[in-house]
Structure formats: C-alpha cells, structure tokens
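Okay, so here's the structure we're looking at.
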Amino acid sequence: MTNANPTAHRYTADLANTIEQKWQQYWRDNGTFNAPNPTGDLAPQASDGETAQLPKEKLNVQDMFPYPSGAGLHVGHPLGYIATDVYARYNRMLGKNVLHTLGYDAFGLPAEQYAIQTGTHPRTTTEANIANMERQLGQLGLGHDKRRAVATTDPDFYKWTQWIFLQIYNAWFDEDLQKARPIEDLVKDLLSGARTTKDGRDFKDLTTEEKHKAIDEFRLVYLADSMVNWCPGLGTVLANEEVTADGKSERGNFPVYRKRLKQWMMRITDYSDRLLDDLELLDWPEKVKAMQRNWIGRSRGAEVTFDSPAGPIEVFTTRPDTLFGATYVVLAPEHELVNELTTDAYADGIDARWTNGKPTPREAISAYLDAIAAKSDLERQENKEKTGVFTGSYATNPVNGEQVPIFIADYVLTGYGTGAIMAVPAHDERDYEFATVFGLPIIPVLDADVSEEAFIGDAPHINSANQDGLDINGLGKQEGVDRAIAWLVDKQKGSEKIQYKLRDWLFARQRYWGEPFPIVYDENGQAHGIPEDQLPVELPEVEDYKPVSFDPDDKDSEPSPPLAKATDWVNVTMDLGHGEQQYRRDTNVMPQWAGSSWYQLRYIDPTNSDEFVNIENEEYWTGPRGENDPGGVDLYVGGVEHAVLHLLYARFWHKVLYDLGFVTSKEPYRRLFNQGYIQAYAFTDSRGIYVPAAEVEEKDGRFFFDGEEVNREYGKMGKSLKNAVAPDDVVRDYGADTLRVYEMSMGPLDTSRPWATKDVVGAHRFLQRLWRLVVDEETGNVTVTDSPLTGDDEKQLHRTIAGVRDDYEHLRDNTVAAKLIEYVNYLTKAYPIGAPRAAVTPLVQMVSPLAPHIAEELWAQLGHTGTITFEPFPTFDEQLLVDDTVELPIQINGKVKARIDVPTDASQDEITTIALADPKVVELTNGKTVVKTIVVPGRMVNLVVK
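Anchor point for the sequence shown: position 39 equals 39 in my numbering, and the numbering is continuous, going up by one each time.
Listed below in structure tokens is the structure:
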C-alpha cells in the first residue's frame with residue numbers, strides 16, 4: 001500500500017493560479033519592470049548618490065491607448081497587450097532597458113451618457129472602470145512599469161494637454177521655413193514691417209482690437225464659423241464618425257443638421273506636405289500609409305476663375321485640360337455666394353427639371369436646403385440619386401466664353417476644395433449622372449464614345465481649342481494639363497495649385513466630460529490664453545451633465561453646453577496683464593482625441609511637475625538614431641481602425657512640439673504594427689435575437705439553445721453578439737499562462753482568428769508537459785539530470801534557439817509556440833524519466849516571454865534565485881544549424897524503395913557507393929543488373945535496373 005498521490009504536484013489550474021499570484025506579487029514588490037530614466041524622479045541612483053549608468057540599448061514599446069469600458073474586457077482585448085509584453089520581455093533578456101506601460105484614454109461619451117441617465121459623476125464611473133480593467137489585466141502578468149501609467153482624466157495629466165493646446169494656440173506656421181514658430185516672432189515681424197497682415201494692412205496702424213484679430217488669423221488654433229454636425233436632440237455637435245449614413249446621430253437616432261457654428265479649429269492643413277512626405281521615414285504597414293495619403297489627398301491642378309454676377313467663382317480641378325467640356329457649374333449648398341446668386345425669377349423657357357417644382361429660384365433653393373439639411377457628408381457623397389436646383393444665374397467658362405448655368409447640389413461639399421466644381425459630364429461619372437437627370441449638355445473633349453456613360457480614361461483631346469491661343473487638340477493628358485495651366489496663368493484666369501482633401505481639425509465638443517479649454521473671453525469677445533501658472537483649468541461640478549437639448553427638428557437652435565450651467569466657474573476675474581478684469585471661460589471641451597495625441601510623451605516623464613516631458617528623457621526614449629531616422633516609439637501596436645484620425649492627429653501635435661523645440665523626434669511612432677482581432681461564432685434564434693453563445697450545444701453539426709435550433713454566424717467578439725468570453729473565466733479554469741500561450745499560438749498576430757474555448761486545453765497540456773520535464777508530479781522533486789547532451793540534443797536545442805530568437809524579434813509568436821512545443825515533445829520522448837539540465841534550462845528561458853509565471857517557478861525549481869526576467873536569452877552555435885548528413889530517397893526504376901543518410905559534402909561517386917551498399921537495395925537488385933545510376937545531389941538517387 002502507498003499513500004503517494006500520482007498527481008499531487010501536477011500543473012493544474014489551481015496550481016497555475018497559485019504560481020501566478022505568487023510571481024505577480026513578487027514583481028510588484030520588487031518593481032521588476034520599472035524602467036529607469038536618464039534624469040529626474042525615475043532616474044536610478046547609485047550608492048554614491050550619483051545617477052547610475054543606464055543600459056546601452058533601450059526599447060520603447062507601446063500599445064494604443066485603451067478606453068476603460070464599463071463592459072470590461074473580453075479575450076479579444078488583451079491580444080495586442082500580450083504580444084507587446086512578450087516582445088518587451090524578450091528584449092529585457094537581451095539586456096535592453098525596456099519602457100512598457102499602459103494608461104487610459106478615459107474621457108469619453110459612454111461615461112457622460114451614464115452620468116446623464118443616473119446622475120453618477122463621470123469620474124466615478126471612469127475610475128471604477130479603470131479599476132476593473134486593471135484587475136483583469138493584472139491577472140495576465142503584463143510587465144508594465146506601473147509608475148508610468150496615466151489617465152487623460154487626471155488633472156495632473158490634462159494640465160499638460162491644456163499646456164500643449166496653449167503652445168499650439170500661441171504658434172503660427174511660417175510657410176517660408178515650413179515650420180511652426182512662436183506667435184511672439186510673428187508680432188515682431190509685423191511690427192517691423194518684415195511681414196504684413198493677411199489683408200495687407202500695416203500692423204502698426206491697427207487698433208488694439210484689430211491687432212488681436214490680425215494675429216488670430218495666423219494662429220495654429222483659431223475660431224471659425226465652420227460647418228458642423230449639429231444634433232438638436234442631443235444638444236451637441238457631433239464628429240463625422242458619430243453620424244450614421246442616413247444623417248442620424250449614432251446615439252439616439254436623432255436628426256443631424258449641417259450648420260455653421262463658431263468652433264475651435266486647428267490648422268493641421270498647414271502640415272499637409274510634411275505629414276505626407278514624412279510617411280516615407282516610417283516603418284509602418286503600407287496599407288496604413290496609403291490610407292493616410294488618401295486622407296491627406298494631395299493633388300496638382302489649377303484653380304480656375306468662372307466669372308458670375310456675384311463675383312468670381314473659384315474652382316479647383318485636377319483636369320483643367322477638360323475645361324472645354326465644362327457645361328455647368330455646381331456649388332455646395334452652403335457656398336457663401338449661393339444667396340447672392342439666387343435670382344427672384346426664372347427666365348423664360350427654363351427646363352422644369354431645374355426648378356425643384358417651385359415658381360422662383362429663391363423658393364426652390366430654400367426648399368432644397370431644408371430637404372438636405374439632415375444628410376451627412378458620407379450620405380451626400382455616396383447617394384446615387386443626383387439632386388439639385390438651378391440658382392437662376394450663369395457663369396462664364398473662361399476658355400470659350402460660354403454662359404453655363406450655376407446649380408447647387410448636395411454631392412458637392414463646402415469642406416472639400418473650394419466648395420464649387422466645374423462639371424464636365426462627358427468625363428466624370430457623377431457629373432454625367434447629374435447632367436442626365438437635368439438634361440444638361442454632354443460635350444466630349446477626349447476622343448471616346450460618351451453616348452451611354454462618361455469616359456474617364458485617357459485619350460487624345462478633341463473640341464479643345466479657342467481663338468485666344470489655347471489649342472490642346474490631339475494632345476495626351478499630361479501635355480494637355482500643362483498647356484491649359486500655362487494658358488490660364490498667362491491670361492490671369494487661373495493659377496497652378498496644389499490641393500488637399502485634408503481639412504482643418506474641428507477641435508471642440510459641447511459636452512461635460514472632456515478637457516476644459518484654457519481660454520477666456522474679454523468683454524469684446526476676444527479670446528485670451530490662460531497663464532500657464534494657472535493650469536490646470538479643472539472641470540467644475542455641475543448639477544446636470546446633459547447639454548441643453550432641443551426639439552430634434554429645430555435646426556435653427558444653438559448649442560448650450562453643460563459647462564455653461566456652472567455660472568460661478570464661467571465668470572471669472574483675473575489679471576492678464578492689464579489689471580483685474582471680468583472674463584468668461586470657454587464652455588466647450590476638447591475632443592477625446594486631445595489626450596491621445598501626446599500621451600506617449602507623458603509615459604516617459606509621468607511625475608515631472610515642471611514640464612510635460614524632460615527633453616533629455618525624451619531624447620533617450622524617442623530621439624532619432626541617425627540622419628534619416630524620425631525618432632519615436634520603437635514599436636506601437638494597435639488596431640487598423642486608428643490608421644487615420646488618431647495617428648494623423650498625434651503626428652500633427654508632435655510636429656508642432658518638434659518645431660517649437662520641445663522634443664527631438666520628428667514623429668511620435670517610428671514603427672507601427674496592426675494586430676488582427678479575435679473573432680467568435682454568434683448565434684441567433686428564429687426571431688433574429690442573439691442568444692448566449694456559451695450556452696449553445698452542437699449536435700450532429702446543428703446548433704441548439706434551450707432545445708431550439710439556432711443559426712450560427714461569425715463575427716467580431718463583443719457584448720452585443722453575446723459571444724464574448726471573459727479572460728477571468730479562462731484564467732480561472734486554466735491559468736493566465738495558458739491564455740497567453742493560446743492567444744499567441746492562434747495564428748499570425750496581424751490576422752484575425754477564431755476563438756474556440758475547447759482548444760485552450762491544448763495550450764494547457766503543453767505547459768503540463770513542460771512542467772513534467774522539471775517536476776515529478778507525484779513527489780514534487782526536480783527530475784533534471786546532469787547528463788551531457790547528445791549530438792541530437794544539441795542540434796534540436798540550437799535550432800530551436802535560433803528559430804525562436806528570430807520569431808520573437810519579428811513578432812511571430814505563433815511559430816515561437818510551435819517551435820517550443822516541438823522541442824518539449826522531443827525532450828519528453830527522448831527522456832521519459834529525467835532530461836538533462838543543459839537541455840531544460842535554456843528551454844525555460846525561451847518560454848519565459850510567452851509564459852512568464854511558469855518560467856519563473858521552474859527557474860526557481862532549478863535552483864536559481866531572483867527573477868528570470870533579466871537572464872540572458874540563450875544563444876546558438878551556427879555550426880549546429882547545419883546538417884552533417886542528408887537523407888536521400890533511392891528510386892529503383894522510378895519508385896522510391898529505400899532511404900539513405902549520406903554526408904552533406906559527399907561526391908556523386910561516394911553517394912552511389914553508399915546507395916548500392918544499402919541492404920534493402922542489395923536485396924532488391926540481387927540477380928539483376930544496375931544499368932544506370934542517376935544522382936541528384938541533395939535530392940535523390942535513381943537506379944535503372946534490369
């Protein structure tokens with residue numbers, strides 16, 4: 001009889017949880033992942049009080065800023081976090097100083113919505129969500145430097161967001177130098193006469209108020225009457241991404257109207273060329289670069305003047321060579337000249353299709369504006385049905401003097417180009433559709449058939465000459481464009497111009513939960529920046545978090561933000577250099593993009609109370625490493641959905657800070673990697689209602705919930721599809737290391753992959769086999785031996801090390817897992833009782849980045865003290881990667897009959913000798929004649945036998 005339990009020390013979920021909690025506590029207690037700075041509070045101190053020397057190499061690896069959702073995490077969320085943790089841990093073992101942390105992009109609409117519904121302060125909700133996310137992420141063993149974690153909602157953080165806003169506000173873009181400069185430099189230039197105001201007046205002759213306005217016209221942050229998405233039902237302006245394709249608010253489904261409102265704007269357009277050209281310096285996916293190039297949309301063309309009764313209409317076109325085919329002009333409905341161009345009566349004989357069913361142009365225009373007011377920009381551009389109305393006025397085509405009708409139509413947007421287009425229906429699909437609907441002339445100017453559709457290719461020009469020196473007939477596209485531009489410039493009817501699709505950044509929201517603007521207004525409505533020593537401007541307490549809402553159909557209503565209700569906060573007395581005066585605070589807040597446009601810099605110096613980042617620390621962590629290196633975070637991992645807006649905004653802010661001398665890096669993110677998503681099956685019942693995926697049973701390839709057959713579909717994991725799997729459950733049932741190994745082994749990091757809980761057990765079994773190589777499941781004793789490695793052991797080990805090192809370096813964690821599984825299986829088979837220490841020790845080191853808790857425990861079991869975190873990663877011997885022998889198949893009369901091992905450097909004669917001596921070959925050729933021997937070195941031997 002024995003009392004021994006054969007599985008008393010088996011690696012189970014309970015043991016995994018115990019080990020993981022133990023080592024997570026050790027890491028916290030010892031600040032294992034705390035990365036030192038060159039200077040400041042986070043600089044390491046040597047025993048003599050001097051700053052200790054830092055490692056020669058550093059690595060700054062970062063995840064995209066997460067929003068702390070109230071729904072908590074599902075297993076799809078940590079995918080990128082685990083990948084960056086694996087990469088960071090690997091690089092620590094290479095001896096690098098690694099900065100890796102995670103903060104929270106915590107201002108957001110969901111917390112404000114909850115506050116409106118319940119009266120709970122958004123900060124309360126946000127802090128609870130952060131605490132829950134911290135708890136969930138804490139279970140995964142992520143090696144974050146928690147001293148560096150920040151949240152955008154912390155006043156100590158948004159103080160510097162406000163400070164950066166003021167630096168941008170107090171800067172202007174010098175087009176000659178192509179960089180931002182302090183506004184003080186501009187004032188000096190204006191006073192000296194070295195530079196003139198935008199309207200050409202002498203600055204010295206202006207009144208104080210006029211000087212303020214003149215300077216404001218240069219600022220990188222300015223107030224403008226801009227077209228915005230106004231939602232009366234919600235009482236706020238919405239970003240384009242918050243408006244559905246049918247012109248309704250994503251939240252509440254209220255009508256959204258295009259409306260001119262005075263809003264803060266940032267001149268990101270001044271940086272169009274640099275944002276575009278500097279993409280070449282970045283190690284980013286080409287797909288993301290292409291998306292940014294398209295968003296910026298740089299194109300060469302001409303700005304052409306069409307004379308009209310209301311003055312010149314400026315039209316930008318990339319195809320001035322097609323001007324002879326322009327048969328009408330279309331203005332955006334919001335164009336500033338629409339009212340002046342709208343006549344009180346139609347001329348006789350006007351096509352009824354042009355009038356919108358109204359007796360006068362003014363009535364037709366008014367009705368049309370009402371009809372399209374709720375359409376989003378996206379809907380207007382994608383709408384296949386072309387609508388519009390004639391203004392009653394005509395413009396003059398500059399190349400042939402033809403009078404062409406002026407329409408307004410919703411497919412032209414005021415935010416793009418000049419808000420006016422010349423319509424060439426023969427060679428533009430949208431113009432062709434419009435001309436067909438309204439019966440307008442379609443004149444081809446390229447030699448192609450346009451009887452049924454527009455021709456948008458290239459062909460020799462036709463119908464393209466005038467009596468004033470312009471003749472492009474017979475020319476190709478580029479020659480035609482060049483000659484047309486030269487003629488327009490010569491005749492002063494146009495100019496060559498580079499145009500961009502990029503628009504200035506709308507930088508204000510009528511909400512509560514956001515960063516207040518560090519701006520006050522005087523009695524004349526002039527904006528003034530708050531003195532820096534008065535930052536942060538903290539959010540006041542308000543009784544009601546809801547903006548004043550209106551009748552959803554009241555498009556003429558005006559925003560009244562929640563902060564406007566805090567009258568004691570809004571009205572303030574302060575001295576801005578002219579004695580104490582009464583001022584009024586700005587009651588808008590910054591958009592959520594603000595904090596995420598610079599947070600990577602605060603990670604570097606989070607405790608610095610004197611500056612947003614010390615430039616010596618910034619240079620160490622993100623400074624350029626060579627002449628053509630832009631600097632920035634060494635590895636930035638996140639979803640491709642942030643490819644344009646977040647990354648574009650962050651690049652813009654960073655470039656302004658670089659121009660003003662606050663950072664040494666030109667770009668915020670040197671290398672970008674987009675991870676895929678974890679997806680999962682979802683199930684709907686006969687009503688189309690989603691049912692809990694975890695409760696669905698499969699029987700003979702069909703799926704049932706509560707006895708009813710349900711339909712299976714495949715999609716992104718999430719709460720709405722009821723297919724989310726909480727990491728808490730997987731950690732409880734298998735352990736965090738199992739979750740880490742499974743997620744990393746599911747497939748390439750940059751592709752989406754399906755989650756299958758039943759497959760998690762495979763990762764767990766791998767870790768159990770790893771555990772058994774060191775620990776006896778019955779006794780708990782260490783089983784490794786001091787036996788030397790065999791030749792095969794050495795080959796397997798060094799090939800595994802070489803492959804794993806390369807895979808870790810290139811974020812191929814799925815193949816890391818595959819190689820480690822293969823090596824564990826080899827050792828398990830070769831040493832069923834006790835494997836050599838020399839084979840197991842480097843294995844534990846290789847596993848450490850992927851499964852750090854079990855690696856730490858096995859490292860301790862092997863007799864080591866302290867953490868495995870900084871142990872050098874194993875190296876390999878190149879010679880052991882090359883085979884001494886190669887296996888060759890032997891064909892007899894074209895069929896493989898045997899296999900032989902021959903030296904890799906064997907000659908053909910030596911290979912033949914070995915082949916003919918093989919026992920099986922001898923047996924098969926006994927009594928026969930080998931009439932021919934064909935040797936293909938490294939591949940095969942073929943014997944022709946008779």
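Cβ atoms here follow ideal geometry from the backbone N, Cα and C, with glycine treated the same way. Computed from a predicted model, the values in this text were never measured in an experiment.
- Query: Leaving out the 5 sequence neighbours to the left and right, which residues in its chain are closer than 6 Å to V548 when beta-carbon positions are compared?
  - Reply: Taking the sequence shown and counting its residues from 1, the one referred to as residue 548 is at position 548. If we look at V548 and ignore the five residues flanking it on each side, its Cβ neighbours are G235, S560.
- Message: Rounding to the nearest angstrom, what Cα-Cα distance links L42 and L142 in this structure?
- Response: Stepping through the sequence shown from its first residue, residue 42 is reached at position 42. Stepping through the sequence shown from its first residue, residue 142 is reached at position 142. When rounded, the separation of the alpha-carbon atoms in L42 and L142 is 20 Å.
- Task: Within the segment 36-107, note down every full alpha helix (DSSP H) run reaching 4 residues or more, in order along the chain.
- Result: Taking only runs of at least 4 residues, the alpha helix (DSSP H) segments lying wholly in the segment 36-107 are 78-93.
- Item | Residue range of the beta strand (DSSP E) that includes F306 | Here the question's residue 306 lines up with position 306 in the sequence shown. For F306, the uninterrupted beta strand (DSSP E) segment begins and ends at 299-306.
- Output the boundary residues of the beta strand (DSSP E) element that contains I900. If you number the sequence shown from 1, residue 900 lands on position 900. Here the beta strand (DSSP E) through I900 covers 895-903.
- Message: Whole angstroms are fine: how far does the CA of D176 sit from the CA of K204?
- Response: In the sequence shown, residue 204 corresponds to position 204, counting from 1. In the sequence shown, residue 176 corresponds to position 176, counting from 1. For the pair K204 and D176, the Cα-to-Cα distance works out to about 23 Å.
- Message: Taking a contact to mean a Cβ-Cβ separation below 8 Å, would you say V399 touches N463 in this structure?
- Response: Within the sequence shown, residue 399 is the residue found at index 399, counting from 1. Within the sequence shown, residue 463 is the residue found at index 463, counting from 1. Contact: no.
- Task: Would you please state the rounded distance, in angstroms, between the beta carbons of L102 and P727? I believe it to be under 8 Å.
- Result: Reading the sequence shown from its first residue, position 102 is the one you call residue 102. Reading the sequence shown from its first residue, position 727 is the one you call residue 727. 15 Å between Cβ atoms; not a contact.
- Just the C-alpha distance for V941 and T925, rounded to the nearest angstrom, thanks. Walking along the sequence shown from the start, residue 941 turns up at place 941. Walking along the sequence shown from the start, residue 925 turns up at place 925. In this structure, the CA atom of V941 is about 14 Å from the CA atom of T925.
- Item | Supposed contact pair K501 and I296 - C-beta distance, whole angstroms, cut 8 Å | Looking up residue 296 in the sequence shown gives position 296. Looking up residue 501 in the sequence shown gives position 501. K501 and I296 do touch by the CB rule: their CB atoms are close to 7 Å apart, below 8 Å.
- Determine the extent of the beta strand (DSSP E) in which E603 is found, giving its start and end residues. Position 603 of the sequence shown holds residue 603. Glu is not the amino acid found at residue 603; the sequence shown has Tyr there. Segment 599-604 is the alpha helix (DSSP H) holding Y603; no beta strand (DSSP E) there.
- Task: Using three-state DSSP, classify K501 as helix, strand or coil.
- Result: By 1-based counting over the sequence shown, the position of residue 501 is 501. Assignment of K501 by DSSP, reduced to helix, strand and coil, places it in the coil class.
- Helix or strand or just coil, what does DSSP make of I689? For the purposes of this step, residue 689 is taken as the residue at position 689 of the sequence shown. For I689, the three-state secondary structure derived from DSSP is coil.
- What is the rounded straight-line gap between the Cα of E127 and the Cα of L563? Sequence index remark: in the sequence shown, residue 127 carries index 127 (1-based). Sequence index remark: in the sequence shown, residue 563 carries index 563 (1-based). Spanning the two alpha carbons is a distance of roughly 21 Å.
- Inter-residue Cα distance where the pair is G469 and K198: Locating residue 469 in the sequence shown gives position 469, where the first residue counts as 1. Locating residue 198 in the sequence shown gives position 198, where the first residue counts as 1. Straight-line measurement puts the Cα of K198 at about 35 Å from the Cα of G469.
- Task: Measure how close the beta-carbons of I729 and A16 come, nearest whole angstrom, since I'm counting them as under 8 Å.
- Result: For the purposes of this step, residue 729 is taken as residue 729 along the sequence shown, with counting starting at 1. For the purposes of this step, residue 16 is taken as residue 16 along the sequence shown, with counting starting at 1. Before going on, a small fix: residue 729 reads as Asp here, not Ile. At roughly 14 Å, the Cβ-Cβ gap does not stay under 8 Å, so D729 and A16 are not in contact.
- Spatial neighbours of H121 within its chain, please: CB distance less than 7 Å, with the 5 preceding and 5 following residues excluded, ordered by chain position. Here residue 121 refers to the residue found at position 121 of the sequence shown. Once the five neighbours on either side are set aside, the close Cβ partners of H121 are A115.
- Segment limits, beta strand (DSSP E) that includes W264: Residue numbering aside, residue 264 sits at position 264 when the sequence shown is read from its first letter. Its beta strand (DSSP E) spans residues 257-266.
- Message: Let's test the definition: count the other Cβ atoms within 10 Å of the Cβ of I164 and tell me whether it reaches 16, buried, or not, exposed.
- Response: The sequence position of residue 164 within the sequence shown is 164, counting from 1. It is buried - the Cβ of I164 has at least 16 other Cβ atoms within 10 Å.
- Spatial neighbours of D877 within its chain, please: CB distance less than 6 Å, with the 5 preceding and 5 following residues excluded, ordered by chain position. Taking the first residue of the sequence shown as 1, we reach residue 877 at position 877. Same-chain partners within the cutoff: H798.
- Message: Buried or exposed for L820, going by 16 or more other Cβ atoms inside 10 Å?
- Response: Your numbering for residue 820 matches position 820 in the sequence shown. So L820 counts as buried.
- Query: Just reading off the beta strand (DSSP E) that G392 is part of, what are its end residues?
  - Reply: Residue 392 sits at position 392 when you count from the first residue of the sequence shown. That run of the beta strand (DSSP E) goes 388-396.
- Item | Contiguous alpha helix (DSSP H) assignments of at least 4 residues, all confined to the segment 668-741 | Qualifying alpha helix (DSSP H) stretches, in chain order: 727-734.
- Task: Report yes if the CB atom of G72 is closer than 8 Å to the CB atom of Q136, and no otherwise.
- Result: As a working mapping, residue 72 is identified with position 72 in the sequence shown. As a working mapping, residue 136 is identified with position 136 in the sequence shown. Note that the C-beta distance between G72 and Q136 is below 8 Å.
- Which listed residue (D307, Y432, A245) has its alpha carbon closest to that of Y394: Against the sequence shown, residue 394 aligns to sequence position 394. When C-alpha distances from Y394 are compared across D307, Y432, A245, the shortest belongs to D307.
- Item | Secondary structure of M1, DSSP reduced to three states | For the purposes of this step, residue 1 is taken as residue 1 along the sequence shown, with counting starting at 1. Residue placement at M1 cannot be trusted, given a pLDDT of 40 that sits under 50; what the coordinates show is reported in the next sentence. Coil at M1, not helix or strand.
- Message: On the DSSP letters alone, give me the boundaries of the alpha helix (DSSP H) that E340 sits inside.
- Response: If you number the sequence shown from 1, residue 340 lands on position 340. Judged by DSSP secondary structure, E340 falls within the alpha helix (DSSP H) whose first and last residues are 338-341.
- First and last residue of the beta strand (DSSP E) that includes M940? Your numbering for residue 940 matches position 940 in the sequence shown. First-last of the beta strand (DSSP E) with M940: 940-945.
- Kindly indicate which residue of K719, L657, R670 has the alpha-carbon position closest to the one of S69. The residue labelled residue 69 in the question sits at position 69 within the sequence shown. In terms of Cα proximity to S69, the closest of K719, L657, R670 is K719.
- Is it true that the CB of P889 sits closer than 8 Å to the CB of Q845? Locating residue 845 in the sequence shown gives position 845, where the first residue counts as 1. Locating residue 889 in the sequence shown gives position 889, where the first residue counts as 1. The Cβ atoms of Q845 and P889 lie no closer than 8 Å to each other.
- Query: Expressed to the nearest angstrom, what Euclidean distance is found between the alpha-carbon atoms of P531 and N608?
  - Reply: As a working note, residue 531 is residue 531 in the sequence shown. As a working note, residue 608 is residue 608 in the sequence shown. One C-alpha to the other measures close to 19 Å.
- Range covered by the alpha helix (DSSP H) that runs through V947: Look at the range of the chain in this structure, 1 to 946, and you will see that residue 947 is not part of it.
- Message: What does the alpha-carbon distance come out to for the pair F80 and I443?
- Response: Position 80 of the sequence shown, counting from 1, holds the residue named residue 80. Position 443 of the sequence shown, counting from 1, holds the residue named residue 443. Note that residue 80 is Gly in the sequence shown here, rather than Phe. Straight-line spacing of the CA atoms in G80 and I443 works out to 55 Å.
- Would you call the segment 415-432 and the segment 326-343 in contact, with 3 or more CB pairs under 8 Å? Remark: three or more beta-carbon pairs, one from each stretch, lie closer than 8 Å, so the segment 415-432 and the segment 326-343 are flagged as touching.
- Task: Classify H528 as helix, strand or coil using the three-state DSSP reduction.
- Result: Counted from its first residue, the sequence shown places residue 528 at position 528. Note: H528 maps to strand in three-state DSSP.
- Message: Quick check: A171 and L220, are their CB atoms within less than 8 Å of each other?
- Response: Within the sequence shown, the letter at position 171 stands for residue 171. Within the sequence shown, the letter at position 220 stands for residue 220. Taking the C-beta atoms as reference points, L220 is found nearer than 8 Å to A171.
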